[in-house]
Structures are given as C-alpha cells and as structure tokens.
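Chains A and B are the protein sequences, given in the same order.
Note that our numbering has the first sequence beginning at 1, numbered continuously upward.
Note that our numbering has the second sequence beginning at 1, numbered continuously upward.
A quick write-up on the structure given underneath.
2 protein chains.
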Amino acid sequence: MMDVAARAELSPSTVSLYFRKPDAVSPSASRSIAQAIEALSYVPNLMAGGLAAASSRAVSIIVPSVRNAFFAETVATMQAELGKERLQVMLGHTEYSEREEENLVRMALSWAPAAVVLTGLSHTNATRKLLRDSNVPVVEIWELGSEPIDMAVGFHHEQVGQAAANHLIQRGRKRLVFLGARMQEDRRAAFRAEGFLETARNAGGIVADVIQHPAPSNAAVGAMLLAETVRKFPDVDGIACSNDHIALGVIFECQRLGITIPQRLSVVGFGDLSFSAACNPALTTIRPPGDLIGTEAARLIIENTSGGSVNKQHVIDTRFTLLQRQSS
Amino acid sequence: MMDVAARAELSPSTVSLYFRKPDAVSPSASRSIAQAIEALSYVPNLMAGGLAAASSRAVSIIVPSVRNAFFAETVATMQAELGKERLQVMLGHTEYSEREEENLVRMALSWAPAAVVLTGLSHTNATRKLLRDSNVPVVEIWELGSEPIDMAVGFHHEQVGQAAANHLIQRGRKRLVFLGARMQEDRRAAFRAEGFLETARNAGGIVADVIQHPAPSNAAVGAMLLAETVRKFPDVDGIACSNDHIALGVIFECQRLGITIPQRLSVVGFGDLSFSAACNPALTTIRPPGDLIGTEAARLIIENTSGGSVNKQHVIDTRFTLLQRQSS
DNA sequence: CGCAAAAATAATAGCGCTACGATTTGTAAA
DNA sequence: TTTACAAATCGTAGCGCTATTATTTTTGCG
Chain A
1 MMDVAARAEL SPSTVSLYFR KPDAVSPSAS RSIAQAIEAL SYVPNLMAGG LAAASSRAVS
61 IIVPSVRNAF FAETVATMQA ELGKERLQVM LGHTEYSERE EENLVRMALS WAPAAVVLTG
121 LSHTNATRKL LRDSNVPVVE IWELGSEPID MAVGFHHEQV GQAAANHLIQ RGRKRLVFLG
181 ARMQEDRRAA FRAEGFLETA RNAGGIVADV IQHPAPSNAA VGAMLLAETV RKFPDVDGIA
241 CSNDHIALGV IFECQRLGIT IPQRLSVVGF GDLSFSAACN PALTTIRPPG DLIGTEAARL
301 IIENTSGGSV NKQHVIDTRF TLLQRQSS
Chain B
1 MMDVAARAEL SPSTVSLYFR KPDAVSPSAS RSIAQAIEAL SYVPNLMAGG LAAASSRAVS
61 IIVPSVRNAF FAETVATMQA ELGKERLQVM LGHTEYSERE EENLVRMALS WAPAAVVLTG
121 LSHTNATRKL LRDSNVPVVE IWELGSEPID MAVGFHHEQV GQAAANHLIQ RGRKRLVFLG
181 ARMQEDRRAA FRAEGFLETA RNAGGIVADV IQHPAPSNAA VGAMLLAETV RKFPDVDGIA
241 CSNDHIALGV IFECQRLGIT IPQRLSVVGF GDLSFSAACN PALTTIRPPG DLIGTEAARL
301 IIENTSGGSV NKQHVIDTRF TLLQRQSS
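Quick look at the structure:
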C-alpha cells in the first residue's frame, strides 16, 4: 500500500481510504490511485486490514451440510450477494452435530468475522456464550420458532406440516402418513412431522401416523418407507414426505407396486427440488424459499456491517409455498 | 496471547509455539498453557497470525456452483478433511464464468491462503498470472487433460463419454444419442459428448448424434430432450446423458410416451446421484468420485502446507466407475 | 560430578494495514 | 478580498501474532 501511495504521490492513509470509502477521496486522487494499483498489480492484504480494524470481511456460514440442496441453495445465494460487497464466505459443516457446530464457531471467531450464520435455533450453551461474548452479529437461518441469538431468517416448519396435512384433507384424504428420514438429527423435519400430526388429529375423522428411518433422506429410503407404509397401513390414502427425495422414492415404489397416484394415494413432498416438477406424476410439494433466505440473510449482514446502525433483533418470516401438481 | 502467557507464567513465544508446534513444548508447560486458555476462554486471532506468518490457514475453493451436487460433495469432503487440520474453507462460485473466477481468485489472494482450489483446467491468462506470481499452491479439480497450474485431481471426461458409448455398443445398441445441457458453459460435459461421439464413430455400424439444450440440467430439460430425440431420430435405441438429472427426465418422459427401458431404449447417466439407484428402472450411470477428489485434493494441500516439502506438480487420476443397473 | 549436546524457553523486530484526530486545501457567502 | 466551513488529505500509533536468534535448562555419559 505504501508503494501504491508513493506511485500515486499521496499518503498511505488516502490509499487506505480509497479502499474503505471510495467516495471520500477526490476523483483525481482516485484516478491516480487506480493507475498505481494497476501498474503494481497490487492486491490488498485483508489480514493486515482485519487485524488493524479488529474485524474482517469474512462471513462464516455454518450449515449441516452443503450436500443438502436446501442449504446449497442458500449458501450459493449468500455467496453471490455477499461477494458484491467484497465479503468472503467461510464455510463449515456440522453434519447435524451441535458439538461440531461449537467447534466450527470457535474456529470461525478466530477470524473476527463480520457475521456468523448458523442453521436453526438449537445450539449448545457454549456456542451461545462464545457468540454473545464475541459481539459478532449472528443470523440464524432456515428455522423460526424460539428466540434467536440476534437475527433470524426462515419459516416455521410446523406450519409446513400443517399445510401438508390441510392440503391432503382438502383433497378428501382420511388416512394419512408422514414419511420422515433422519428425524433425530434433523429437528426441522421433526417439526414438520409434528405440525402434520397435530393438524390431522385436530381435524376429526382423520387418522394420521409417522413412519421414519434413521438414514439420511434419499429415494431408496423413500421407497422402503412406502413399502413399509402399505404393509402397516394398507388403507393409507395420503402421504406427506419430509422432503422430495423421499417423495421421489414413493413415486417409484408406487409404480412398482401398481399403486396409482393420485387416484389411490395422494403424495405431498417438501423442497421442490430440481426433479419435482418433471416427475411422473408431477409432484405436489412445499417450496421453501432457500434463495430468499439467502438474500435476506445477506441483506441483514450487509446492513449491520456497513450501516453501523446495529439493526439487530430482526426476525424475518420468509413463508413457503404449496405447489399443487399431479400427485395430489 | 500475552494474557495466557502471563497466567501460565511463560513467555508469549512459548504460547505461540504451543499452538504452532505442540510437540516442541514440554508437557508441563503444555498443561499450564491449556489451563490458562481454558480459564481465559482465549481464542487465537488468526488474522494476526496470518499477517505475521505471511500466510493464513484459509483454503480458497472456487467451484462453478455448490448447487451442483458434484461440487457440493467435493466441497463438503474437503471441508471435513481440511477442518481436521484447522484449515478454513473459503468458498466462491463462478457460475461457469472465467471472468468471475478471476475476480474470485483476486479476492482469495487478499487472504494469503494456504492453497487455492479451482475447478477445471481452463482459466483466464490473468488468473494464471495472479496465481503464479502469488506462489500459492494451486489444485485444479474435477478435470484432467491439459497441463495443470501445479497440481490436479480428477479424471478424463472424454473417457467417461467413451465408457458410455462402449457400454451401449456392448449392449447391442446401434443408434446412439448423447443428451447434453448447458454445454457451452460446461466444458466437461462437452468433453464427455466428444468422447462419446468419437468412440461411436470409430466403432463401425454405429450412428451417433448429440442433442443439447442451453439451460442448466434438470429433469424437465431431460424430458424435453428425450421428446426431441424420438422426434428427430425415431430409431434411437441408446442414450447417454450428460448427467443423471437429464437421465431422470428421460425415464419419466419414456414412461409417459410408453417407451420401455431397457427393452426399446438403453439409458446411461452420469453422476450416480442420490436417486439414481432407486429409479424405476434403476439407472445405469457413471459415478465420478466426488468424495475421493475431495480427500485427495485435501491431502495434497495438507502435505504442501505442513510438510514444507514443495510436493507440487502432482496429477492424480481418480478414474470413475460404470454402474450397470436396469436401464441398460 | 562435570561437561557437551539437546531440549525448552525467551527476547526482538516487524508483518501491512486502519482508526483517529490533526492538518491542509477548496469554496461560497459576506 | 476575507472568513467560515466543508472536503480532502495526512501522521501517528498500534492491532496480536510469528520467525529468528539467543539464552537458559535439562539430559546423557564418561
């Protein structure tokens, strides 16, 4: 930076200002600084900057797994939005372990990040303490319900279960089953199941159950769960799945078993994954706004970072959409 | 760190050493340092460390998009492997633009990363120059073929196309079509198509074509491409898809059109995605080792970082596997 | 027990930048 | 012109750690 300053015949302070608040330097100074940067192919050292400022242009995003299309969507969107503000995304995967999340938060805080993004509202006490003490803005995504650490962007998963149940009931279904995978680890899937059961039980004249499998969701698990369901509850006529991978497996297994959808069985998924609209039959599903969660979370972070106005204590309910297609 | 040192009644140097080379401090010193860290809930400042050492414990991974399950798998695996060594993953998405990749590399280098990971072998000249000048180890993943910047982990995509063509020919298929999406941007898909065509043309008695669509791959595009294929080439009896999303669309569209798989049409995919084994019929596909690419790339980075032995100029061919299932 | 070599610990000198207040320069009204 | 005020620029003093070299302590062996 001193070299750039020397070449531009300005002080290092002005060059620093040029990077941090471009509008605060005169157009002529800007021009000569830009030239000097170009000529020297100067790349600022963000670690020195972060050290001096006691805060870096890094945002730590911690999700269960980016293998999961939901979180991949949000992470990708956030990276694009934050990148515009020259904020770097640092990524961590908890694999659904709160203990691991705690480690990742500890590592993240070593970087004095501009913000920390966590998935869900359930964390260890140590994680909470670490974050509170650090005074870093925290955004919790993909779940609403209990009190956030400071900001939250997401929706209520119980409401998803309720919407699925209501939809099936509206379609005249009486014998409902919720199919879930890995619900011990995936709290949000469990909430969806809970909302589903509660709504069905309050409806009157409806019978509802949950069948689950401990493995991560995929179509093979969905097929197994459907097979188990028709064995246990031969009169089932409405199925909600904890996500579209399970639903896809249900569709294939029904094809193999000769169960017609939606004539004999209505199926509702969750996720609106890339294949959901193209299935045979096209899958009725509930679409969580993974991209909107990303843009809103990024917006909160950017406002908190640049604005200086501590806009904390925000909760944004992004809602979700039920997309009715052929499967119900 | 000075506080920790004071509490442990040692010098800051020893505490620093404790973090960097734990084996170099005596067991008794280790113990008292550990206690002091615990008592003060000290979190080291990695930016100060990175500044002093002129190199950070961050690894920048730049992929087209983490929405793509292939790259999500590799990124997740790398994060897990690098996390063990307390290396932080910084993530960037190019959205298949080399210009954007250049920006991301520039941003990444501001962090003096321990390594930079790029997807593929095709980059702008400026990107190459930036990386060469920075002297940061570079690992290029998911593609082999031309000369890497310094290390590469992946496989030859032409060979994937060849394997698909050979498999279909072996199954007695004569009229082949390769279905591709977004092949202008996705060089690797284009290489697979190339390998497919070349092998089919060299086989004798085989006719092969490519049909493509500019949109990103998904099942809907696959369904469209299949419909177009049977319109243009009614005698088609073997199809290879640029990935399993396309293949899934093909399966569904064939169901709708009453085309039996594999009796009338053999289908081979690419990716072995989560649904591929559970399809109806189960999808024959070529499995790229996304996780192995991740572990090998992480290994190279760790060796380069800790070992000090500049193990550059490594090329690792991870190969791929053809999984024959019911669709061929 | 004494000595050399090895192991453990400590002192020193920055790494490259930012925040802050201080200073200089520019500009419009009196 | 002068003056007052805003805009632009600058100087200073670290941020918290690491690398290197120097020093002290421990160990093994005659």
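Note that beta-carbon positions come from the ideal geometry of N, C-alpha and C, so glycine has one too.
Quick caveat, the model's predicted, so the values are computed rather than measured.
query: Along chain A, in chain order, which residues have C-beta atoms closer than 9 Å to that of residue 243 of chain B?
result: Walking along the second sequence from the start, residue 243 of chain B turns up at place 243. Near residue 243 of chain B there are no residues of chain A at all, since even the closest Cβ is about 11 Å away, more than 9 Å.
Beta-carbon proximity of residue 102 of chain B to residue 94 of chain B, cut-off 7 Å: To locate residue 102 of chain B, count along the second sequence from 1; it is residue 102. To locate residue 94 of chain B, count along the second sequence from 1; it is residue 94. With contacts defined by Cβ atoms closer than 7 Å, residue 102 of chain B and residue 94 of chain B do not form a contacting pair.
query: Helix, strand or coil: how does DSSP classify residue 88 of chain A here?
result: Counting from 1 along the first sequence, the entry for residue 88 of chain A is found at position 88. Strand at residue 88 of chain A.
task: Out of B:144, B:126 and B:49, state which residue places its alpha-carbon closest to the alpha-carbon of residue 119 of chain B.
output: For this step, residue 119 of chain B is matched to residue 119 along the second sequence. Residue B:144 is the option with its Cα nearest to residue 119 of chain B.
- prompt: Just checking my contact of residue 325 of chain B with residue 247 of chain B at CB under 8 Å: how many whole Å lie between their CB atoms?
  reply: For this step, residue 325 of chain B is matched to residue 325 along the second sequence. For this step, residue 247 of chain B is matched to residue 247 along the second sequence. Actually they are not in contact, since the Cβ atoms of residue 325 of chain B and residue 247 of chain B sit about 11 Å apart, beyond 8 Å.
field: Beta-carbon spacing of residue 178 of chain B, residue 190 of chain B below 7 Å
entry: Reading the second sequence from its first residue, position 178 is the one you call residue 178 of chain B. Reading the second sequence from its first residue, position 190 is the one you call residue 190 of chain B. For residue 178 of chain B and residue 190 of chain B, no; Cβs fall outside 7 Å.
message: Three Cβ pairs or more, each shorter than 8 Å: is that satisfied between the stretch 148 to 167 of chain B and the stretch 57 to 64 of chain A?
response: No: the two stretches stay apart, fewer than three of their Cβ pairs being nearer than 8 Å.
message: Residues of chain B with CB closer than 9 Å to the CB of residue 255 of chain A, please, in chain order.
response: Stepping through the first sequence from its first residue, residue 255 of chain A is reached at position 255. Those are 255 and 280, listed as they occur along chain B.
query: Of all Cβ atoms in chain A, is any one closer than 7 Å to the Cβ of residue 110 of chain B?
result: Position 110 of the second sequence, counting from 1, holds the residue named residue 110 of chain B. By this cut-off, residue 110 of chain B is an interface position.
query: Nearest CA to the CA of residue 319 of chain A: which residue from A:237, A:252 and A:157?
result: Your numbering for residue 319 of chain A matches position 319 in the first sequence. Closest by alpha carbon: A:157.
task: Kindly provide the ranges of any alpha helix (DSSP H) runs that are 4 or more residues long and lie completely inside the stretch 146 to 177 of chain A, ordered along the chain.
output: 157 to 170
message: Could you pull the DSSP bridge partners for residue 266 of chain A from this structure?
response: Here the question's residue 266 of chain A lines up with position 266 in the first sequence. Answer is A:238, bridged to residue 266 of chain A.
task: Please say whether residue 48 of chain A and residue 51 of chain B have beta carbons closer to each other than 7 Å?
output: As a position in the second sequence, residue 51 of chain B is number 51, starting the count at 1. As a position in the first sequence, residue 48 of chain A is number 48, starting the count at 1. It is a contact, given that the beta carbons lie within the stated cut-off.
- request: Kindly indicate which three-state DSSP category residue 209 of chain A falls into: helix, strand or coil?
  value: By one-based count along the first sequence, residue 209 of chain A stands at place 209. Three-state DSSP puts residue 209 of chain A in a strand.
- prompt: What is the DSSP secondary structure of residue 95 of chain B, counted as helix, strand or coil?
  reply: In the second sequence, the residue the question calls residue 95 of chain B occupies position 95. Coil.
task: Can you give me the start and stop residues for the alpha helix (DSSP H) that residue 133 of chain A sits inside?
output: Against the first sequence, residue 133 of chain A aligns to sequence position 133. Taken as a continuous stretch (DSSP letters only), the alpha helix (DSSP H) holding residue 133 of chain A covers 125 to 134.
Proximity to residue 162 of chain A [Cα-Cα], best of A:290, A:80, A:240 and A:19: Start at 1 with the first residue of the first sequence, and residue 162 of chain A comes out as number 162. Closest option to residue 162 of chain A, Cα to Cα, is A:240.
field: the stretch 197 to 205 of chain A / the stretch 222 to 234 of chain A touching (three or more Cβ pairs under 8 Å)
entry: Under the Cβ criterion (8 Å, minimum of three pairs), the stretch 197 to 205 of chain A does not count as touching the stretch 222 to 234 of chain A.
Straight-line gap, residue 89 of chain A to residue 83 of chain A (C-alpha atoms, nearest Å): Walking along the first sequence from the start, residue 89 of chain A turns up at place 89. Walking along the first sequence from the start, residue 83 of chain A turns up at place 83. Roughly 8 Å separates the two Cα atoms.
task: Say yes only if the C-beta of residue 8 of chain A is nearer than 6 Å to one or more non-hydrogen atoms of the ligand MG, and no if none qualify.
output: Of ligands this structure carries none, so the ligand MG is not represented either.
query: Could you give the residue range of the alpha helix (DSSP H) that holds residue 24 of chain B?
result: In the second sequence, counting from the first residue as 1, residue 24 of chain B sits at position 24. Where residue 24 of chain B is concerned, there is no enclosing alpha helix (DSSP H), given that its DSSP letter is neither H nor E.
- request: Taking residue 62 of chain B as part of the beta strand (DSSP E), name the residues at either end of that continuous run.
  value: By 1-based counting over the second sequence, the position of residue 62 of chain B is 62. 58 to 63 is the span of the beta strand (DSSP E), which, as asked, contains residue 62 of chain B.
task: List the residues that DSSP assigns as beta-bridge partners of residue 317 of chain B.
output: Looking up residue 317 of chain B in the second sequence gives position 317. Answer is B:154, bridged to residue 317 of chain B.
field: Pair within 7 Å by beta-carbon distance, residue 217 of chain A and residue 283 of chain A
entry: As a first step, residue 217 of chain A is located in the first sequence; it is residue number 217 there, counting from the start. As a first step, residue 283 of chain A is located in the first sequence; it is residue number 283 there, counting from the start. No, the Cβ-Cβ distance between residue 217 of chain A and residue 283 of chain A is not below 7 Å.
query: Can the beta-carbon of residue 174 of chain B be found less than 7 Å from the beta-carbon of residue 206 of chain B?
result: Counted from its first residue, the second sequence places residue 174 of chain B at position 174. Counted from its first residue, the second sequence places residue 206 of chain B at position 206. Taking 7 Å as the Cβ cut-off, residue 174 of chain B and residue 206 of chain B qualify as a contacting pair.
message: Is the separation between the beta-carbon of residue 113 of chain A and that of residue 139 of chain A shorter than 7 Å?
response: Position 113 of the first sequence, counted from the start, is the residue given in the question as residue 113 of chain A. Position 139 of the first sequence, counted from the start, is the residue given in the question as residue 139 of chain A. Not in contact: residue 113 of chain A and residue 139 of chain A (Cβ atoms no closer than 7 Å).
- prompt: Is DSSP giving residue 325 of chain A helix, strand or coil here?
  reply: The residue you call residue 325 of chain A lines up with position 325 of the first sequence. Residue 325 of chain A falls in the coil class under three-state DSSP.
task: Classify residue 261 of chain B as helix, strand or coil using the three-state DSSP reduction.
output: Within the second sequence, residue 261 of chain B is the residue found at index 261, counting from 1. Coil.
query: Do we get a CB-CB distance below 7 Å when we pair residue 135 of chain B with the residues of chain A?
result: By one-based count along the second sequence, residue 135 of chain B stands at place 135. False, the Cβ-Cβ gap to chain A never drops below 7 Å.
- prompt: Can a CB atom of chain B be found closer than 7 Å to the CB of residue 78 of chain A?
  reply: Working through the first sequence from its first residue, we reach residue 78 of chain A at position 78. Not closer than 7 Å to any Cβ of chain B, the Cβ of residue 78 of chain A fails to qualify, so no.
- prompt: Would a check of beta-carbon distances place residue 214 of chain B closer than 7 Å to chain A?
  reply: In the second sequence, counting from the first residue as 1, residue 214 of chain B sits at position 214. Judged by the 7 Å Cβ criterion, residue 214 of chain B is not in contact with chain A.
message: Considering just the uninterrupted stretch of the beta strand (DSSP E) at residue 140 of chain B, what are its terminal residues?
response: What you label residue 140 of chain B is simply residue 140 of the second sequence in a count that begins at 1. Per DSSP, residue 140 of chain B belongs to the beta strand (DSSP E) from 138 to 141.
- prompt: With 16 as the cutoff for other CB atoms within 10 Å, does residue 253 of chain B come out buried or exposed?
  reply: The residue you call residue 253 of chain B lines up with position 253 of the second sequence. Buried, since its Cβ has 16 or more Cβ neighbours within 10 Å.
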